[in-house]
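Down below is the structure, laid out as C-alpha coordinates.
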Amino acid sequence: MDRLLDAIIDCPKEDDENITHIIDSGWTNKYKNLFKCEINNLYIHQLLVKDGRCECLVYDTASWCEDEDEDYAIARKKLLFQTVCNGPNDLIPINIDGQNRTDETEYERWPCNNIYTRCDNIWQCSKGEDEIGCYSFSTLNCSSSYHLCVSFNTNQFACLPYDKVNDNNIDCVGGTDEPTICRKQ
28 MDRLLDAIID CPKEDDENIT HIIDSGWTNK YKNLFKCEIN NLYIHQLLVK
78 DGRCECLVYD TASWCEDEDE DYAIARKKLL FQTVCNGPND LIPINIDGQN
128 RTDETEYERW PCNNIYTRCD NIWQCSKGED EIGCYSFSTL NCSSSYHLCV
178 SFNTNQFACL PYDKVNDNNI DCVGGTDEPT ICRKQ
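In the working numbering, the protein residues as written are 28 to 212.
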(Lines of atoms letter the chains of each structure in order from A and count residues from 1; the text may use other names and numbers.)
(Lines give C-alpha, C1' and ligand atoms only; values in the text may rest on other atoms or scores of the structure.)
Protein backbone atom coordinates (compact mmCIF):
# COMPACT_ATOMS: atom_id res chain seq x y z
CA MET A 1 0.00 0.00 0.00
CA ASP A 2 2.91 2.40 0.52
CA ARG A 3 3.54 2.38 -3.25
CA LEU A 4 0.16 3.88 -4.11
CA LEU A 5 0.13 7.51 -5.19
CA ASP A 6 3.87 8.01 -4.61
CA ALA A 7 4.64 9.44 -8.09
CA ILE A 8 6.53 6.26 -9.02
CA ILE A 9 4.83 4.02 -11.58
CA ASP A 10 4.96 0.45 -10.29
CA CYS A 11 2.18 -1.14 -12.37
CA PRO A 12 2.16 -1.63 -16.17
CA LYS A 13 -1.14 0.23 -16.58
CA GLU A 14 -0.08 2.96 -14.14
CA ASP A 15 -3.14 2.24 -12.04
CA ASP A 16 -1.14 2.62 -8.83
CA GLU A 17 -0.84 6.33 -9.66
CA ASN A 18 -4.21 6.95 -11.31
CA ILE A 19 -6.38 6.51 -8.25
CA THR A 20 -8.48 9.65 -8.13
CA HIS A 21 -11.06 8.86 -5.48
CA ILE A 22 -10.84 6.79 -2.36
CA ILE A 23 -14.35 6.46 -1.01
CA ASP A 24 -13.49 4.75 2.28
CA SER A 25 -12.25 7.58 4.50
CA GLY A 26 -11.09 4.99 7.04
CA TRP A 27 -8.48 3.92 4.51
CA THR A 28 -6.44 7.05 5.11
CA ASN A 29 -6.49 6.48 8.85
CA LYS A 30 -4.72 3.17 8.28
CA TYR A 31 -2.18 4.60 5.84
CA LYS A 32 -0.69 7.79 7.24
CA ASN A 33 1.45 8.37 4.15
CA LEU A 34 -1.47 9.97 2.28
CA PHE A 35 -2.41 13.64 2.16
CA LYS A 36 -6.02 14.56 1.44
CA CYS A 37 -6.72 17.41 -0.95
CA GLU A 38 -9.82 18.69 0.83
CA ILE A 39 -11.36 20.74 -1.96
CA ASN A 40 -10.93 18.22 -4.79
CA ASN A 41 -11.42 15.22 -2.49
CA LEU A 42 -8.24 13.61 -3.83
CA TYR A 43 -5.49 11.75 -2.03
CA ILE A 44 -1.79 12.03 -2.79
CA HIS A 45 1.32 10.58 -1.21
CA GLN A 46 2.96 12.70 1.53
CA LEU A 47 6.16 12.79 -0.55
CA LEU A 48 4.31 14.94 -3.10
CA VAL A 49 3.42 17.62 -0.55
CA LYS A 50 5.62 20.71 -0.91
CA ASP A 51 7.67 19.14 -3.69
CA GLY A 52 7.43 22.18 -5.96
CA ARG A 53 4.67 20.73 -8.17
CA CYS A 54 0.97 21.23 -7.65
CA GLU A 55 -1.04 18.03 -7.38
CA CYS A 56 -4.05 19.62 -5.64
CA LEU A 57 -4.92 22.56 -7.87
CA VAL A 58 -8.01 24.33 -6.61
CA TYR A 59 -10.63 25.08 -9.27
CA ASP A 60 -8.25 25.53 -12.17
CA THR A 61 -6.69 28.65 -10.69
CA ALA A 62 -2.98 29.24 -10.69
CA SER A 63 -3.13 30.90 -7.30
CA TRP A 64 -4.36 28.12 -4.98
CA CYS A 65 -2.67 24.78 -4.53
CA GLU A 66 -3.53 22.79 -1.42
CA ASP A 67 -0.37 20.69 -1.32
CA GLU A 68 2.09 23.53 -2.02
CA ASP A 69 0.74 26.78 -0.59
CA GLU A 70 1.61 27.54 3.01
CA ASP A 71 -1.19 30.09 3.07
CA TYR A 72 -3.73 27.36 2.37
CA ALA A 73 -3.90 26.54 6.07
CA ILE A 74 -4.92 30.12 6.69
CA ALA A 75 -7.61 30.13 4.01
CA ARG A 76 -10.34 28.32 5.86
CA LYS A 77 -13.34 26.50 4.50
CA LYS A 78 -15.52 27.89 7.29
CA LEU A 79 -15.51 31.39 8.66
CA LEU A 80 -17.14 33.64 11.20
CA PHE A 81 -19.84 36.01 10.03
CA GLN A 82 -17.87 39.05 11.14
CA THR A 83 -15.03 38.17 8.76
CA VAL A 84 -17.26 38.34 5.66
CA CYS A 85 -16.32 41.38 3.56
CA ASN A 86 -13.67 42.59 5.99
CA GLY A 87 -10.78 42.96 3.51
CA PRO A 88 -8.62 39.82 3.38
CA ASN A 89 -9.82 36.58 1.76
CA ASP A 90 -10.66 34.13 4.53
CA LEU A 91 -12.07 31.44 2.24
CA ILE A 92 -10.38 29.73 -0.64
CA PRO A 93 -12.08 30.52 -3.97
CA ILE A 94 -15.17 28.49 -4.80
CA ASN A 95 -16.27 28.17 -8.41
CA ILE A 96 -19.90 29.24 -8.75
CA ASP A 97 -21.38 29.54 -12.23
CA GLY A 98 -17.91 29.70 -13.78
CA GLN A 99 -16.61 32.45 -11.47
CA ASN A 100 -14.27 32.08 -8.52
CA ARG A 101 -15.91 33.53 -5.42
CA THR A 102 -14.62 34.20 -1.91
CA ASP A 103 -15.99 35.79 1.24
CA GLU A 104 -14.93 39.15 -0.25
CA THR A 105 -16.88 38.79 -3.52
CA GLU A 106 -19.33 41.68 -3.95
CA TYR A 107 -18.09 43.25 -0.72
CA GLU A 108 -19.43 46.63 -1.86
CA ARG A 109 -22.97 45.37 -1.17
CA TRP A 110 -22.21 44.96 2.55
CA PRO A 111 -22.28 47.91 4.94
CA CYS A 112 -18.71 48.79 5.93
CA ASN A 113 -19.76 50.30 9.25
CA ASN A 114 -21.38 47.59 11.36
CA ILE A 115 -21.12 46.09 14.84
CA TYR A 116 -18.17 43.92 13.79
CA THR A 117 -16.09 46.65 12.16
CA ARG A 118 -17.01 49.62 14.38
CA CYS A 119 -14.05 50.94 16.39
CA ASP A 120 -11.74 47.99 15.63
CA ASN A 121 -8.80 50.25 14.56
CA ILE A 122 -9.14 49.09 10.92
CA TRP A 123 -10.75 51.29 8.30
CA GLN A 124 -13.27 49.12 6.49
CA CYS A 125 -14.95 52.15 4.91
CA SER A 126 -13.05 54.22 2.36
CA LYS A 127 -13.30 57.38 4.47
CA GLY A 128 -13.00 55.55 7.80
CA GLU A 129 -16.61 56.11 8.86
CA ASP A 130 -16.41 52.98 10.98
CA GLU A 131 -13.68 54.59 13.12
CA ILE A 132 -15.07 58.13 13.53
CA GLY A 133 -15.81 59.06 17.15
CA CYS A 134 -14.15 55.95 18.58
CA TYR A 135 -11.25 57.63 20.35
CA SER A 136 -11.99 60.30 22.89
CA PHE A 137 -9.31 62.15 24.79
CA SER A 138 -9.95 64.55 27.62
CA THR A 139 -8.04 67.30 25.80
CA LEU A 140 -9.33 66.62 22.30
CA ASN A 141 -12.70 65.24 21.30
CA CYS A 142 -13.37 65.25 17.55
CA SER A 143 -16.93 65.66 16.29
CA SER A 144 -18.61 63.06 14.10
CA SER A 145 -17.32 64.69 10.90
CA TYR A 146 -13.64 64.57 11.91
CA HIS A 147 -10.95 61.94 12.33
CA LEU A 148 -8.46 62.01 15.18
CA CYS A 149 -4.89 61.95 13.88
CA VAL A 150 -1.39 63.16 14.63
CA SER A 151 -0.77 66.15 12.38
CA PHE A 152 2.02 65.69 9.86
CA ASN A 153 2.93 69.39 10.26
CA THR A 154 2.82 69.80 14.06
CA ASN A 155 3.23 66.26 15.44
CA GLN A 156 0.27 67.04 17.71
CA PHE A 157 -3.12 65.37 17.94
CA ALA A 158 -5.58 67.07 15.62
CA CYS A 159 -9.09 66.63 14.28
CA LEU A 160 -8.89 66.12 10.53
CA PRO A 161 -12.00 67.09 8.54
CA TYR A 162 -13.77 64.14 6.96
CA ASP A 163 -13.34 65.54 3.42
CA LYS A 164 -9.53 65.49 3.78
CA VAL A 165 -9.52 61.70 4.20
CA ASN A 166 -8.48 59.70 1.11
CA ASP A 167 -7.86 62.87 -0.90
CA ASN A 168 -4.37 61.73 -2.02
CA ASN A 169 -2.71 64.23 0.32
CA ILE A 170 -1.06 62.88 3.48
CA ASP A 171 -2.07 65.07 6.43
CA CYS A 172 -1.46 62.63 9.30
CA VAL A 173 1.72 60.97 10.56
CA GLY A 174 2.03 57.50 9.08
CA GLY A 175 -0.44 58.40 6.33
CA THR A 176 -3.31 57.17 8.50
CA ASP A 177 -5.66 59.46 6.57
CA GLU A 178 -4.59 57.89 3.24
CA PRO A 179 -4.77 54.11 3.70
CA THR A 180 -5.02 53.40 -0.04
CA ILE A 181 -1.83 55.33 -0.83
CA CYS A 182 0.17 53.63 1.90
CA ARG A 183 -1.02 50.16 0.85
CA LYS A 184 0.29 50.73 -2.68
CA GLN A 185 3.82 51.65 -1.53
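For each residue, glycine too, the CB sits at the ideal point set by N, CA and C. As the structure is a prediction and not an experimental result, all values here were calculated from the model.
Cβ-based burial, residue i [other Cβ within 10 Å; buried from 16]
i      : result
Ile71  : buried
Gln126 : exposed
Gly155 : buried
Glu65  : exposed
Cys38  : exposed
Asp190 : exposed
Inter-residue spacing [alpha-carbon to alpha-carbon] between residue i and residue j
i      : j      : result
Ile110 : Thr129 : Here residue 110 is Thr; the residue named in the question, Ile, does not match the sequence. When rounded, the distance between both Cα atoms is 11 angstroms.
Asp147 : Arg80  : 40 angstroms
Asp204 : Asp117 : 26 angstroms
Asp157 : Ile123 : 31 angstroms
His174 : Asn140 : 15 angstroms
Gln151 : Leu167 : 24 angstroms
Gly160 : Trp91  : 40 angstroms
Ala73  : Leu84  : What sits at residue 73 in the sequence shown is Gln, not Ala. Their Cα atoms are separated by approximately 16 angstroms.
Per DSSP, the bridge partner or partners of residue i
i      : result
Asn127 : Asn122
Leu175 : Cys186
Lys154 : The partner list for Lys154 (beta bridge, DSSP) is empty, contrary to what the question assumes.
Ile71  : Phe62
Cys92  : Leu84
Residue i beta carbon near the ligand GTP (any heavy atom closer than 7 angstroms)
i      : result
His174 : Of the ligands one can find in the structure shown there are none, so the ligand GTP has no counterpart to examine.
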